[in-house]
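Asker:
Protein chains in written order, with my numbering: chain A, 60 to 782; chain B, 830 to 1126.
#1: Around the Cβ of residue 591 (chain A), are there at least 16 other Cβ atoms within 10 angstroms (buried) or fewer (exposed)?
#2: So for residue 1081 (chain B), helix, strand or coil by DSSP?
#3: Taking residue 952 (chain B) as the query, report the chain A residues whose CB atoms sit under 9 Å from its CB, ordered along the chain.
#4: Quick one: which chain B residues come within Cβ less than 9 Å of residue 74 (chain A)?
#5: Please list, in chain order, the chain B residues whose beta carbon lies closer than 9 Å to that of residue 550 (chain A).
#6: Return the bridge partner residues of residue 163 (chain A) from the DSSP annotation.
#7: What is the DSSP secondary structure of residue 882 (chain B), reduced to helix, strand or coil?
#8: Are the beta-carbon atoms belonging to residue 178 (chain A) and residue 95 (chain A) less than 7 Å from one another?
#9: What are the start and end residues of the beta strand (DSSP E) that includes residue 990 (chain B)?
#10: On the three-pair Cβ rule with 8 Å, is the region 403 to 415 of chain A touching the region 979 to 993 of chain B?
#11: When the Cα atoms are used, what is the spatial distance from residue 836 (chain B) to residue 842 (chain B)?
#12: Quick one: Cα of residue 1065 (chain B) to Cα of residue 1116 (chain B), how far?
#13: Thinking just about the alpha-carbon of each residue, which of A:151, A:190, A:174 and A:563 is nearest to the one in residue 91 (chain A)?
#14: Taking a cut of 8 Å between CB atoms, which residues from the region 955 to 977 of chain B lie near chain A?
#15: How about residue 339 (chain A): is its C-beta nearer than 7 Å to some C-beta of chain B?
#16: With a threshold of 7 Å between beta-carbons, can residue 401 (chain A) be considered close to chain B, or not?
#17: Using only the alpha-carbon positions, how far apart do residue 135 (chain A) and residue 172 (chain A) sit?
#18: Where are the beta strand (DSSP E) runs, 3 residues long or more, that stay fully inside the region 538 to 603 of chain A, in chain order?
#19: Tell me whether the beta-carbon of residue 965 (chain B) lies closer than 7 Å to the beta-carbon of residue 948 (chain B).
#20: Could you name the residues of the same chain whose beta carbon sits closer than 7 Å to that of residue 755 (chain A), not counting the 5 residues immediately before and after it, in chain order?
#21: Which two residues bound the contiguous alpha helix (DSSP H) that contains residue 303 (chain A)?
#22: List the residues of chain B whose Cβ lies closer than 8 Å to the Cβ of residue 423 (chain A), in chain order.
#23: Excluding five sequence neighbours on each side, which residues of the same chain lie with their C-beta closer than 6 Å to the C-beta of residue 290 (chain A)?
#24: Taking C-alpha atoms, which residue in A:85, A:501, A:571 and A:399 lies nearest to residue 358 (chain A)?
#25: Compute the Euclidean distance between the alpha carbons of residue 761 (chain A) and residue 736 (chain A), then round it to the nearest angstrom.
#26: Just list the residues that DSSP pairs residue 372 (chain A) with in beta bridges.
#27: Do residue 1012 (chain B) and residue 996 (chain B) count as a contact pair if the criterion is CB distance below 7 Å?
#28: Nearest to residue 703 (chain A) by alpha carbon, out of A:764, A:485, A:664 and A:684?
#29: Taking the beta carbon of residue 750 (chain A) as the centre, do at least 16 other beta carbons fall within 10 Å, making it buried, or is it exposed?
#30: From residue 465 (chain A) to residue 476 (chain A), what distance separates their C-alpha atoms?
#31: Can you check whether the C-beta of residue 238 (chain A) is within less than 7 Å of a C-beta belonging to chain B?
#32: Indicate whether residue 555 (chain A) and residue 462 (chain A) have their beta-carbon atoms separated by less than 7 Å.
#33: By alpha-carbon positions, which one of B:901, B:1092 and B:939 ends up nearest to residue 423 (chain A)?
#34: Just confirm the distance between the C-beta atoms of residue 775 (chain A) and residue 628 (chain A), as a whole number of angstroms; I'd bet it's less than 8 Å.
#35: Figure out for me which residue from A:341, A:333 and A:757 has the closest Cα to the Cα of residue 304 (chain A).
#36: Does the separation of the CB atoms of residue 924 (chain B) and residue 1102 (chain B) fall below 7 Å?
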């Protein structure tokens, strides 16, 4: 058994690639080794910023020989008077055996000649040498690059390659690298270890690199960092503010982690906590320490009592340099916080309402006026939304005030410098000026959700303004004729559409979006005559965008909603009105179907409805008829099963007509419960022939089935659901 | 610090040391280009020379103007006018990171005494239609240099690929001189950075933020844009680039006046990029017509 090492040596990889390449490598290598019958006992992938490595243990020295039996000509043609014929000699040659070794065996088609062929397994070294370039070629990541005069693409330039089977260097050359890269035993250590590192054998890889200052085991680095950060936080009676993405990044930014603890001057705790933590985490990759007693108030004006005047930094230097590194990092943070302090104090010298006026000088987009014009349109949207939503008067008042003020911080210095703090600064400045906390909170929240998976507004006022913000953007940019296409969506219109739906779902607000779009389109066409807007077409295009967003969001929902259920509720067969007159309703129906499926009860409902629907296609009843009266004529009944069917339809009718969330569950139950009646109708002792000769009777029976289909379609288009 | 530290880290000495260092690496040492620009990249010695197959190796200091960064000289870390030291080598050579680290050593920054890291930072200049991948170099947490492997320039694929190294001179100098403010930097041991540049800084900030007339700037932008377009049409990439740079700077001034929203920005940048692409294509055509003379050398 052998050990195998592949190390792809690079210039510093982006931290996310160093991490995301590993599962890819793992899958590629284990798949190919299995395909080539070289099953190892262990396979490990690891990496640092400067290398990706695969370590394989317990690898057979060679592929097993393959025994194969090949069938040749019939025995009658293979031998003549006991001697092999030309046919037999040729067959033996092709199989690489002596004619004397051929065997004759009975088959259902008579006696045939057979050869036992042994294909010698390739040595592992040969198989690996052939596979390695393909693994490197197959790795994928964002923004690959070329370097020098080469055509190879990779995340960063590949500078060396170690490929060892035990201590034997495998002959591998990577095409397209400038300069060319050939496998050797020569690796490189930590940047502070200048000498090249000779890897003695695959098995000594980790030790050889450790001697050169590199902890190559990613998990070991991760464990070290986690424990160092937590014990430091513990020591200071704090909680480390270390989100998973930052943690992952820290692990892949160092080859040998070193914990540095830095101080923040107390005066900077007068800044809002988000300012400090944004600077620390996003700009410097430091770990802020959150006070155990922190209030976590999103409107907190200063970091005192929220954050400790300390930061943790994971460095890649030598312990002897710790002091210099600490001082350097403190100095950088000090400069950044001094900037922030300067911006905050100059922002506070101006009233937010004056900043709102200054929005008039900032162009929003060609033909769409200034940012203040945009804000005014948002205020209009807010009013329209409030008319429908009927919130308590106080919340409505807060929403209106927040809509008026919400963009003032876009011309603040702080947001100019830290765009990610838009809304946060705006809300805090307003609170400091004495605005109602709910107004400040709504301003802060109106940017939520910033993207998939982000938090949603927690206040009613925040949610209304957030809706208004997105509707304004959609109406305005669509009014200019711009549409998102393919990967091009520079105004993030799809994200805006998603936001509208996510907010409505989260708050379970019933909102007729089509009515809002219609009114909006009318208003926009009068506000912006130069675009010659066709209001109906504008509303229709936006409805289509939102419809697509709705289907796509449902498919992406974390519940893992199956595509067929999404199609059944929001597929192409469903009229847009059905979805956008109340988007929350669509969501509830998908959730109900998912629930039924998880409880194993969806199939019963589906079976009933599809059976009825299949025949109902022959009926001429319109799809929106739900009522029994005037549709079914009892006088034409010939069997009791028909009357039973009518009873079912009468029971379903009010549930289908109610068409509201609380009745969907009952409707589904009632449909499932009607399975017996339907079976009786089709197959029972008193079953009927639907396609009766008498056209009136036939029509009557078909109508009953069509009614059942129509009533069920209030829930979903069951023809889309997989059995 | 160690004995390898040079005798002097005055601002002008840092430039001299880098000139000497990169000259020894075979780079031409050039002087700044005489048009306002936001980055050393925009000099034709980089933005045009990165295009096409001809080899190139150059280093030069470059004054940069970024109107929105101005703070009337009140902020110790920011100025609307500052200096970059720019290196461009095509094709990008093996071991360039190590060469760069040696340049820091020449300035007195020994890697072993610090935490120096290459952290992913992909560069994109939407106005130039250029992008590349690379790193920002952290020196004890401070970003002191940008490293970029150019992949596209003026919308054209870069073949071969150039490596661009851009040092932030003030940051490096503040670190080396251990001062907390740009304005306190020593230029030559006698005069400070502030003594030389502060008198301009305040006035320029007043212009950028207050006195610049937005309507006139809009007119200038339109004029420069038209001029650049005409020059491209006449197959004159060099002067056309000058006017593209003027468009870019005028746009930056409009931004400093706070009259361009995020959305408007996208559209205007698109207009400049279109011009930059045309300049790049015209330049490549011009060099090709000459038979790419530097390929011979």
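Even glycine gets a Cβ: it sits at the ideal position worked out from N, Cα and C.
Answerer: Looking at the coordinates:
#1: Within the first chain, numbered from 1, the residue matching residue 591 (chain A) stands at position 532. Residue 591 (chain A) should be labelled exposed.
#2: Here the question's residue 1081 (chain B) lines up with position 252 in the second chain. Reduced to three states, the DSSP call for residue 1081 (chain B) is helix.
#3: Stepping through the second chain from its first residue, residue 952 (chain B) is reached at position 123. Residues of chain A passing the Cβ test: none, with the nearest at roughly 11 Å.
#4: The residue labelled residue 74 (chain A) in the question sits at position 15 within the first chain. By Cβ distance, chain B contributes 948 and 949.
#5: For this step, residue 550 (chain A) is matched to residue 491 along the first chain. Chain B residues near residue 550 (chain A): 1092 and 1095.
#6: As a first step, residue 163 (chain A) must be located in the first chain, where it is residue number 104. Paired residues: A:172.
#7: The residue labelled residue 882 (chain B) in the question sits at position 53 within the second chain. In this structure, residue 882 (chain B) counts as coil in the three-state DSSP scheme.
#8: Here residue 178 (chain A) refers to the residue found at position 119 when the first chain is read from its first residue. Here residue 95 (chain A) refers to the residue found at position 36 when the first chain is read from its first residue. Going by C-beta atoms, residue 178 (chain A) is not nearer than 7 Å to residue 95 (chain A).
#9: On the second chain, residue 990 (chain B) is found 161 positions in, with the first residue counted as 1. Note, residue 990 (chain B): premise wrong, no beta strand (DSSP E); not H, not E.
#10: no
#11: What you label residue 836 (chain B) is simply residue 7 of the second chain in a count that begins at 1. What you label residue 842 (chain B) is simply residue 13 of the second chain in a count that begins at 1. Because the pLDDT of residue 836 (chain B) is 45, which lies under 50, any placement of that residue in the model is unreliable, and the question is left without a value.
#12: In the second chain, counting from the first residue as 1, residue 1065 (chain B) sits at position 236. In the second chain, counting from the first residue as 1, residue 1116 (chain B) sits at position 287. One C-alpha to the other measures close to 12 Å.
#13: Position 32 of the first chain, counting from 1, holds the residue named residue 91 (chain A). If we check each option's Cα against that of residue 91 (chain A), A:190 comes out closest.
#14: 961, 962, 964, 968, 969, 970 and 971
#15: In the first chain, the residue the question calls residue 339 (chain A) occupies position 280. Judged by the 7 Å Cβ criterion, residue 339 (chain A) is not in contact with chain B.
#16: Counting from 1 along the first chain, the entry for residue 401 (chain A) is found at position 342. Judged by the 7 Å Cβ criterion, residue 401 (chain A) is in contact with chain B.
#17: Position 76 of the first chain holds residue 135 (chain A). Position 113 of the first chain holds residue 172 (chain A). Whole-angstrom Cα-Cα distance: 9 Å.
#18: none
#19: Numbered from 1 along the second chain, position 136 holds the residue referred to as residue 965 (chain B). Numbered from 1 along the second chain, position 119 holds the residue referred to as residue 948 (chain B). Yes; because the gap between Cβ atoms is below 7 Å, this pair is in contact.
#20: Taking the first chain and counting its residues from 1, the one referred to as residue 755 (chain A) is at position 696. Here the set comprises 695.
#21: For the purposes of this step, residue 303 (chain A) is taken as the residue at position 244 of the first chain. Here the alpha helix (DSSP H) through residue 303 (chain A) covers 303 to 310.
#22: Walking along the first chain from the start, residue 423 (chain A) turns up at place 364. The answer, in chain order, is 1090, 1092 and 1093.
#23: Along the first chain, read from residue 1 onward, the residue named residue 290 (chain A) stands at position 231. Excluding residues within five positions, none has a Cβ falling inside 6 Å.
#24: One-based indexing of the first chain puts residue 358 (chain A) at position 299. Ranking A:85, A:501, A:571 and A:399 by Cα distance to residue 358 (chain A) puts A:501 first.
#25: Here the question's residue 761 (chain A) lines up with position 702 in the first chain. Here the question's residue 736 (chain A) lines up with position 677 in the first chain. Their Cα atoms are separated by approximately 16 Å.
#26: Residue 372 (chain A) sits at position 313 when you count from the first residue of the first chain. Its beta-bridge partners are A:319.
#27: Taking the first residue of the second chain as position 1, residue 996 (chain B) is located at position 167. Taking the first residue of the second chain as position 1, residue 1012 (chain B) is located at position 183. 7 Å or more divides the Cβ of residue 996 (chain B) from the Cβ of residue 1012 (chain B).
#28: Locating residue 703 (chain A) in the first chain gives position 644, counting from the first residue. With distances taken between Cα atoms, residue 703 (chain A) lies closest to A:764.
#29: In the first chain, the residue the question calls residue 750 (chain A) occupies position 691. Exposed, by the Cβ-count rule.
#30: As a position in the first chain, residue 465 (chain A) is number 406, starting the count at 1. As a position in the first chain, residue 476 (chain A) is number 417, starting the count at 1. Spanning the two alpha carbons is a distance of roughly 18 Å.
#31: Working through the first chain from its first residue, we reach residue 238 (chain A) at position 179. Chain B, which has a Cβ nearer than 7 Å to the Cβ of residue 238 (chain A), makes this yes.
#32: Mapped onto the first chain, residue 555 (chain A) falls at position 496. Mapped onto the first chain, residue 462 (chain A) falls at position 403. Their beta carbons are not under 7 Å apart, which means residue 555 (chain A) does not touch residue 462 (chain A) by this criterion.
#33: On the first chain, residue 423 (chain A) is found 364 positions in, with the first residue counted as 1. The option with the nearest alpha carbon to residue 423 (chain A) is B:1092.
#34: Against the first chain, residue 775 (chain A) aligns to sequence position 716. Against the first chain, residue 628 (chain A) aligns to sequence position 569. Rounded, the Cβ-Cβ distance is 5 Å, consistent with contact.
#35: As a position in the first chain, residue 304 (chain A) is number 245, starting the count at 1. Looking at the Cα atoms, A:341 is the closest of the given residues.
#36: Along the second chain, read from residue 1 onward, the residue named residue 924 (chain B) stands at position 95. Along the second chain, read from residue 1 onward, the residue named residue 1102 (chain B) stands at position 273. In this structure, residue 924 (chain B) keeps its C-beta atom at 7 Å or more from the C-beta atom of residue 1102 (chain B).
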